[in-house]
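Trainee:
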Amino acid sequence: MSAVDYTVDGKTYEGYFLAPEGKTNVPVVAIAHAWGGLGDNERQKAARVVNEFGYAAFAMDVYGKGRRGTSVEENQALMNPLVGDRAELQKRLAGGLAAAKAQPGVDASKSAAIGYCFGGLSVLDMARAGMDLLGVCAFHGLFRPAENIPAPKITAKVLIEHGWLD
1003 MSAVDYTVDG KTYEGYFLAP EGKTNVPVVA IAHAWGGLGD NERQKAARVV NEFGYAAFAM
1063 DVYGKGRRGT SVEENQALMN PLVGDRAELQ KRLAGGLAAA KAQPGVDASK SAAIGYCFGG
1123 LSVLDMARAG MDLLGVCAFH GLFRPAENIP APKITAKVLI EHGWLD
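Numbering (our numbering), first residue to last: 1003 to 1168.
(1) Buried or exposed: which applies to Gly1165, given that a residue is buried once 16 or more other Cβ atoms fall within 10 Å of its Cβ?
(2) Report the residue from Leu1095, Ala1032, Gly1122 whose alpha carbon sits nearest the alpha carbon of Val1010.
(3) Roughly how far, in whole angstroms, is the beta-carbon of Ala1158 from the beta-carbon of Leu1135, given that I think they are within contact range, below 8 Å?
(4) Which partner residues does Gly1107 have in the DSSP bridge list?
(5) With a cut-off of 8 Å on the beta carbons, I'd call Thr1014 and Gly1066 a contact; round off their distance for me.
(6) What residue does the alpha helix (DSSP H) around Phe1120 start on, and which one ends it?
(7) How long is the line joining the alpha carbons of Leu1084 and Arg1069, rounded to whole angstroms?
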């Protein structure tokens, strides 16, 4: 798995890219992180995407290179400004998706996104914003609508996995 720096509005973000060896022109799954920021959980999901499905995976970052939370308070301090400014969140997600599609061996026309909790909200916003994705899957996502998109133009297939008593 390789770290990939990319920029959005002059700010550096750090993603992680992993692809199946010896394969080219493969679909790519963009992974949106939970509230603590990009970490081991997202890297494990990327490995699973590659090993189980044979797709490439790109774990995106919306907080900025090296910015991670280690407590409830830090996680909230990182996440809440973006939940309050969905246009900014969507801009950062679009930058992450562009970085995912730009990786070697990827078929950019075959991309999807997955995310858990805050990452679920993120991928739903990607769909609401009409980003060029075949599908998104939100796991236990936050469902607050994006106020900056009054009439979503969703073209991606959407799967929401949200258990309450499981």
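Each residue gets a CB set at the ideal place from its N, CA and C atoms; glycine is no exception.
Mentor: The structure says:
(1) exposed
(2) Leu1095
(3) 4 Å
(4) None, per the DSSP bridge assignment.
(5) 7 Å
(6) 1120 to 1130
(7) 14 Å
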